[in-house]
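In the numbering used here, the protein residues as written are 129 to 244. Glycine included, every Cβ here is placed at the ideal spot set by N, Cα and C.
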């Protein structure tokens with residue numbers, strides 16, 4: 129993937145409620161996490177494609193969802209793991225972070241189910 133994905137366009141439908149935005153966001157992130165977990169997408173590529181500054185600002189300013197903001201904050205730090213840690217330690221921490229972000233996505237989806 130070489131083109132940036134812009135959340136502002138994906139979430140542009142005016143009738144979309146904050147809960148629906150959270151659901152779409154969570155499902156999209158789960159797909160990205162799955163791709164990274166299987167080695168189809170590197171952490172650096174994921175940051176360039178999706179976890180970039182424009183999307184981080186969109187989540188913080190437009191979605192105003194703490195869980196989504198935490199996911200974005202964790203994601204932008206993933207490439208740094210491979211710069212700061214040994215390969216084995218970086219891989220362990222990478223898996224741990226993917227797991228935590230997965231759990232946060234499920235929490236977003238569970239809120240939708242509880243609200244329904």
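Euclidean distance between Cα positions of residue i and residue j
i: residue 193; j: residue 208; result: 24 Å
i: residue 227; j: residue 160; result: 12 Å
i: residue 142; j: residue 197; result: 21 Å
Candidates the options: closest to residue i by CA position
i: residue 144; options: 171, 160, 191; result: 191
i: residue 221; options: 173, 165, 182; result: 165
i: residue 229; options: 206, 169, 173; result: 206
i: residue 203; options: 136, 211, 175; result: 175
i: residue 210; options: 138, 172, 135, 167; result: 172
i: residue 133; options: 180, 197, 142, 141; result: 180
Cut-off 7 Å between Cβ atoms - residues of its own chain near residue i, not counting five sequence neighbours on either side
i: residue 195; result: 232, 235, 236
Spatial neighbours of residue i in its chain, beta-carbon cut-off 8 Å, leaving aside the 5 residues before and after
i: residue 201; result: 184
Own chain partners of residue i with C-beta closer than 6 Å, once the 5 adjacent residues on each side are dropped
i: residue 158; result: 233
i: residue 169; result: 163
Inset, instruction - Run through the region 145-222 for me and flag every whole alpha helix (DSSP H) of 4 or more residues, listed as ranges in chain order. - result: 146-165, 171-177, 181-186, 194-204, 206-212
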